[in-house]
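**Q**
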Amino acid sequence: MTAYTLKQASELLQAKKISAVELAQEYLAAIDAKNPAINGYITLDKEKTLAEAKAADARIAAGNATALTGVPVAYKDIFCQTGWRSACSSKMLDNFVSPYTATVVQNLLDAGMVTLGRTNMDEFAMGSTNETSFYGATKNPWNLANVPGGSSGGSAAVVAARLAPAALGSDTGGSIRQPASHCGITGIKPTYGIVSRFGMVAYASSFDQAGPMAQTAEDCAILLNSMAGFDTHDSTSLEREKEDYTRDLNQPLKGLKVGLPKEYFGAGNSADVQTALQNTIDLLKAQGAEMVDVSLPQTELSIPAYYVLASAEASTNLSRYDGVRYGHRAAQFGDLEEMYSNTRAEGFGSEVKRRIMIGTYVLSHGYYDAYYLKAQKLRRLVANDFQTALQQCDVILAPAAPTTAPKLGSDIHDPVQMYLSDIYTIAVNLAGLPALALPAGFGSDGLPVGVQLIGNYFAEAKILGVAHQMQLNSDWHSKMPV
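For the sequence shown, full-length UniProt numbering gives the first residue as 1, with consecutive numbering after it.
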């Protein structure tokens with residue numbers, strides 16, 4: 001009963017074939033039944049959810065509803081909302097109830113969307129498997145022995161399991177696109193700066209970007225219309241004219257130039273991923289698109305550049321968690337310095353501590369020039385590579401991950417292997433470009449395989465349109481786990 005796309009749910013509500021309260025109750029019942037096995041939601045408040053749904057019904061009855069009024073949505077635990085716990089899946093913030101609301105959440109509340117709850121994630125968005133959460137790992141709905149990807153694994157899992165028609169995630173190094181690929185849904189990381197970061201708990205401020213996750217590209221476009229916009233509370237927010245991200249959904253693909261970067265089509269991909277890429281190429285060619293060979297020569301250097309820069313920013317951002325103002329405080333300490341150290345030792349998990357240590361090291365005297373500044377220079381080279389490639393094509397096709405979803409526990413004890421799983425997503429964040437992941441088939445293990453479409457700055461409407469046309473001519477996105 002909850003297998004609606006966002007658009008289908010919207011149409012049912014607008015036609016008054018179902019009320020917002022009835023729709024919310026359907027999802028809450030499905031969550032009660034399925035979430036204990038998946039662990040996708042970590043915070044629920046049925047009273048608040050039904051109160052929002054009741055207000056949405058009143059708005060629909062009054063005739064001043066939007067296309068999103070009454071449609072349920074889930075939020076990654078990184079987004080603040082007044083009266084809701086926003087823990088970032090960390091012991092450090094386990095008792096933090098937000099006194100304010102993130103701008104992107106407020107935008108969706110203003111549109112009339114109904115909050116279902118907070119979804120599980122890697123602690124402070126640091127991880128690629130959703131196993132670093134203080135609240136335990138999220139399971140992949142397609143096979144509970146596998147990870148859903150990370151760090152927005154909870155959001156991807158609840159959409160895939162049809163426990164929400166849509167969810168918000170955040171993407172710092174691929175954290176929307178990689179779990180979307182592993183769970184067989186669609187997710188887009190917009191151009192850096194077009195969606196406000198105010199009220200989104202910071203990991204790496206020059207990388208973090210919120211984005212929608214849903215079953216289809218059309219759903220993501222509808223959501224992005226309400227999410228995007230200039231925000232005076234965010235110094236990195238871009239002041240631009242309002243866009244309609246659905247405008248290219250009906251554009252045919254004839255004549256579209258699709259770039260195939262040679263660095264992304266090598267032996268590092270599993271056979272399942274290679275098959276999915278070929279399926280996608282065949283699908284695009286059948287619709288009149290033209291394939292163009294391009295090169296992104298700095299690809300293999302993007303991982304070390306990213307982990308130097310992101311860890312440095314994490315080290316700075318997480319210094320605010322000291323046990324003084326809010327969040328966890330150690331019970332035993334002798335002086336102020338010991339309170340800081342004990343609080344952080346108890347409050348942060350091992351992956352967060354690892355990245356803080358790396359970040360502090362590369363920012364320290366004697367190493368700043370050797371590591372941090374060189375990584376910043378490499379970041380510019382990565383961005384230049386994309387600009388050169390995008391002069392030859394309209395969009396770039398790439399894998400979203402080198403394999404299908406790994407088994408639980410297989411990568412969590414090998415940080416380097418976990419970092420390498422982001423090889424195809426990180427460069428996009430270094431450059432600040434938009435990129436979308438969408439389903440492209442299934443592996444021999446029965447797990448979904450996704451690919452990504454990368455566009456130039458502010459080309460969200462274009463890549464959403466390409467993905468929509470692909471989904472009109474395929475059914476991978478409509479499959480759901482049993």
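Think of the CB as a built atom: it goes at the ideal place given N, C-alpha and C, for glycine as much as any other residue. These numbers were taken from a predicted model, which means no experiment stands behind them.
1. For Gln417, does the three-state DSSP call read helix, strand or coil?
2. Between the Cα of Ser152 and those of Leu318, Asp45, Thr172, spot the shortest distance and give me the residue it belongs to.
3. Helix, strand or coil for Ser206? Go by DSSP, reduced to three states.
4. If I measure Cβ to Cβ from Glu123 and keep anything under 7 Å in the same chain, skipping five residues before and after, which residues do I get?
5. Any idea what DSSP makes of residue 513, helix, strand or coil?
6. Where do the N-terminal and C-terminal ends of the alpha helix (DSSP H) with Val114 fall, by residue?
7. Spell out the partners DSSP gives Lys76 in its beta bridges.
8. By the DSSP assignment, the beta strand (DSSP E) with Tyr321 in it spans what residues?
9. Who are the near neighbours of Ser205 in its chain, counting only those whose CB is closer than 8 Å to its CB and skipping five residues on each side?
10. Quick check on Leu336: buried or exposed, where buried means 16 or more other Cβ atoms within 10 Å of its Cβ?
11. If distances are taken between C-alpha atoms only, which option among Ala467, Ile176, His182 comes closest to Ala289?
12. What is the DSSP secondary structure of Asp475, counted as helix, strand or coil?
13. Can you name, in chain order, every residue of its own chain whose Cβ lies under 6 Å from the Cβ of Lys262, other than the five neighbours on each side?
14. Does the distance from the CB of Asn225 to the CB of Thr191 come in under 8 Å?
15. Taking the alpha carbon of Asn429 as the point to measure from, which residue in Leu438, Gln471, Phe386 has its own alpha carbon closest?
16. What span of residues does the beta strand (DSSP E) with Ser170 cover, start to end?
17. Between which two residues does the beta strand (DSSP E) containing Phe442 stretch?
18. Give the DSSP bridge partners of Val294, in chain order.
19. Among the candidates Ala202, Ala156, Thr119, whose CA atom is the shortest distance from the CA of Cys183?
20. Distance check for Gly169 and Phe207, CA to CA, integer angstroms please.
21. Can you tell me whether Ala459 is helix, strand or coil according to DSSP?
22. If you pair each beta-carbon of the segment 366-376 with each one of the segment 93-110, do three or more pairs fall below 8 Å?
23. Within 10 angstroms of its Cβ, does His328 collect 16 or more other Cβ (buried), or is it exposed?
24. Looking at the secondary structure, which residues open and close the alpha helix (DSSP H) in which Ala9 lies?
25. What first and last residue would you give for the beta strand (DSSP E) that runs through Tyr361?
26. Taking the alpha-carbon positions, what's the Met113 to Asn456 distance?
27. Please classify Ser86 as buried or exposed, where buried requires at least 16 other C-beta atoms within 10 Å of its C-beta.
28. Measure the C-alpha to C-alpha separation of Pro141 and Glu338 and round it to an integer number of angstroms.
29. Please classify Arg379: does DSSP put it in a helix, a strand, or coil?
30. For Ala398, report the span of its alpha helix (DSSP H) as first-last.
31. Could you check what DSSP says for Tyr27 in three-state terms: helix, strand or coil?
32. Would you call Glu300 buried or exposed, if buried means 16 or more other Cβ atoms sit within 10 Å of its Cβ?
33. Output needed for Lys407: all residues of its chain with C-beta closer than 8 Å, excluding positions within five of it in sequence on either side, in chain order.
34. So what's Asn342 in DSSP terms, helix, strand or just coil?
35. Span of the alpha helix (DSSP H) holding Gln274?
36. Alpha carbon to alpha carbon, how far is Thr186 from Gly211? Give it in angstroms, no decimals.
**A** Taking the definition as stated:
1. Numbered from 1 along the sequence shown, position 417 holds the residue referred to as residue 417. In this structure, Gln417 counts as helix in the three-state DSSP scheme.
2. By one-based count along the sequence shown, residue 152 stands at place 152. For Ser152, the nearest C-alpha among the options comes from Thr172.
3. For the purposes of this step, residue 206 is identified with residue 206 of the sequence shown, where counting begins at 1. Residue state, collapsed to three classes: coil.
4. The residue you call residue 123 lines up with position 123 of the sequence shown. Cβ within range, chain order: Cys88, Ser89, Ser90, Thr132, Ser133, Phe134, Gly349, Glu351, Val352.
5. The structure shown does not extend to residue 513, since the chain is modelled only from 1 to 482, so the question has no answer here.
6. Your numbering for residue 114 matches position 114 in the sequence shown. Looking at the DSSP string, Val114 is not in any alpha helix (DSSP H); the run it does join, the beta strand (DSSP E), is 114-119.
7. Looking up residue 76 in the sequence shown gives position 76. Paired residues: Thr119.
8. Position 321 of the sequence shown, counted from the start, is the residue given in the question as residue 321. Where Tyr321 is concerned, there is no enclosing beta strand (DSSP E), given that its DSSP letter is neither H nor E.
9. Reading the sequence shown from its first residue, position 205 is the one you call residue 205. Counting only Cβ-Cβ distances below 8 Å, and skipping sequence neighbours, we find Arg197, Thr236, Glu313, Asn317.
10. By 1-based counting over the sequence shown, the position of residue 336 is 336. By the neighbour-count rule (16 or more Cβ atoms within 10 Å), Leu336 is not buried but exposed.
11. Within the sequence shown, the letter at position 289 stands for residue 289. Out of Ala467, Ile176, His182, Ala467 has the C-alpha closest to the C-alpha of Ala289.
12. Here residue 475 refers to the residue found at position 475 when the sequence shown is read from its first residue. Three-state DSSP puts Asp475 in coil, outside helix and strand.
13. As a working mapping, residue 262 is identified with position 262 in the sequence shown. The answer, listed in chain order, is Ser295.
14. Translated into the one-based positions of the sequence shown, residue 225 becomes position 225. Translated into the one-based positions of the sequence shown, residue 191 becomes position 191. Against a cut-off of 8 Å, the Cβ pair of Thr191 and Asn225 comes out as no contact.
15. Here residue 429 corresponds to residue number 429 of the sequence shown, with the count starting at 1. Among Leu438, Gln471, Phe386, the Cα nearest to that of Asn429 is on Phe386.
16. Here residue 170 corresponds to residue number 170 of the sequence shown, with the count starting at 1. Segment 166-170, the beta strand (DSSP E) holding Ser170.
17. Position 442 of the sequence shown, counted from the start, is the residue given in the question as residue 442. Segment 435-442, the beta strand (DSSP E) holding Phe442.
18. Walking along the sequence shown from the start, residue 294 turns up at place 294. Answer is Pro261, bridged to Val294.
19. On the sequence shown, residue 183 is found 183 positions in, with the first residue counted as 1. Cys183 has its Cα closest to that of Ala156, out of Ala202, Ala156, Thr119.
20. Looking up residue 207 in the sequence shown gives position 207. Looking up residue 169 in the sequence shown gives position 169. Roughly 14 Å between the two C-alpha positions.
21. Within the sequence shown, the letter at position 459 stands for residue 459. DSSP places Ala459 in coil when its eight states are reduced to three.
22. no
23. For the purposes of this step, residue 328 is identified with residue 328 of the sequence shown, where counting begins at 1. Under this definition His328 is a buried residue.
24. Working through the sequence shown from its first residue, we reach residue 9 at position 9. Here the alpha helix (DSSP H) through Ala9 covers 6-14.
25. Counting from one through the sequence shown, the residue named residue 361 turns up at place 361. Looking at the DSSP string, Tyr361 is not in any beta strand (DSSP E); the run it does join, the alpha helix (DSSP H), is 350-363.
26. What you label residue 113 is simply residue 113 of the sequence shown in a count that begins at 1. What you label residue 456 is simply residue 456 of the sequence shown in a count that begins at 1. Those two C-alpha atoms are separated by around 30 Å.
27. Taking the first residue of the sequence shown as 1, we reach residue 86 at position 86. With 16 or more other Cβ atoms within 10 Å, it is buried.
28. In the sequence shown, residue 141 corresponds to position 141, counting from 1. In the sequence shown, residue 338 corresponds to position 338, counting from 1. The alpha-carbon atoms of Pro141 and Glu338 are separated by roughly 43 Å.
29. Here residue 379 is taken as the residue at index 379 of the sequence shown, counted from 1. Of the three classes helix, strand and coil, the one that applies to Arg379 here is helix, per DSSP.
30. For this step, residue 398 is matched to residue 398 along the sequence shown. It is not in any alpha helix (DSSP H) - Ala398 instead sits in the beta strand (DSSP E) that spans 395-399.
31. Taking the sequence shown and counting its residues from 1, the one referred to as residue 27 is at position 27. Residue state, collapsed to three classes: helix.
32. Here the question's residue 300 lines up with position 300 in the sequence shown. Classification of Glu300: exposed, given that the 10 Å Cβ count is below 16.
33. Residue mapping note: residue 407 aligns to position 407 of the sequence shown, counting from 1. For Lys407, where only same-chain residues beyond five positions count, the Cβ hits under 8 Å are Ala145, Asn146, Val147.
34. Residue 342 sits at position 342 when you count from the first residue of the sequence shown. It is helical.
35. One-based indexing of the sequence shown puts residue 274 at position 274. Element bounds for Gln274: 271-286.
36. In the sequence shown, residue 211 corresponds to position 211, counting from 1. In the sequence shown, residue 186 corresponds to position 186, counting from 1. About 11 Å.
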